[in-house]
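First the structure, in the form of structure tokens, and then the observations on it.
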Amino acid sequence: MEKVFETHCQTYFHEGLKAAFLTDRDGVIILKCISDDAPAKITDPLIPTNFAVANNQASKLGLKHNEMIVSMYGLYQLVQLDQNPMIITIISDANANTGKKKGGDGSGRRLTFSIM
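Counting from 1, one number per residue, gives the positions in the sequence shown under the UniProt record's numbering.
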């Protein structure tokens with residue numbers, strides 16, 4: 001399971017991917033793949049934990065269940081996908097094409113289902 005996740009993630013390192021995590025709802029990391037040039041605090045457990053809270057609040061807007069949150073920072077972008085009961089977190093360079101990584105083609109969802 002870990003090898004499949006790593007193999008899939010490593011194909012995107014040259015395109016700006018810094019890290020990818022598969023966590024449970026409480027932010028406990030189940031699988032992770034981190035590039036050599038990733039920032040030191042990238043494994044901060046507050047990242048997936050805060051997503052769970054923000055995702056829950058976003059779902060209360062009356063627009064049905066929220067599935068994804070995209071956050072842009074100066075140097076990085078953070079894409080978090082709710083794949084109940086798991087959360088996929090993708091951290092990339094600010095100029096990376098995360099539409100490709102987040103599973104717009106269904107690959108993110110397929111990867112999650114194959115792991116579970």
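All C-beta atoms in this analysis are idealised placements derived from N, C-alpha and C, irrespective of residue type, glycine included.
Could you say which of the options lies nearest to residue i if we only look at CA atoms?
{"i": "T49", "options": "H8, T7, G99, M86", "result": "M86"}
{"i": "D82", "options": "G74, Y76, N66", "result": "N66"}
{"i": "K32", "options": "Q10, D26, N84", "result": "Q10"}
{"i": "Q80", "options": "A38, F13, T89, N95", "result": "T89"}
{"i": "V28", "options": "I47, A40, A19, F13", "result": "I47"}
{"i": "D37", "options": "F13, G62, D44", "result": "F13"}
{"i": "P39", "options": "M72, A19, P45", "result": "A19"}
Kindly indicate the opening and closing residues of the alpha helix (DSSP H) around residue i.
{"i": "V4", "result": "2-10"}
{"i": "L46", "result": "46-58"}
Going by DSSP, what residue range makes up the beta strand (DSSP E) through residue i?
{"i": "I91", "result": "86-93"}
{"i": "D82", "result": "76-83"}
Whole-angstrom Cβ separation of residue i and residue j, contact assumed at under 8 Å?
{"i": "L22", "j": "F5", "result": "7 Å"}
{"i": "I91", "j": "I42", "result": "6 Å"}
{"i": "F51", "j": "I69", "result": "6 Å"}
{"i": "E2", "j": "A96", "result": "No, E2 and A96 are not in contact; Cβ-Cβ is about 23 Å, not under 8 Å."}
{"i": "A94", "j": "L78", "result": "Contact doesn't hold; Cβ gap of about 10 Å is too wide."}
Does residue i come out as helix, strand or coil in the three-state DSSP assignment?
{"i": "F13", "result": "helix"}
{"i": "V28", "result": "coil"}
{"i": "A96", "result": "coil"}
{"i": "K64", "result": "coil"}
{"i": "A19", "result": "strand"}
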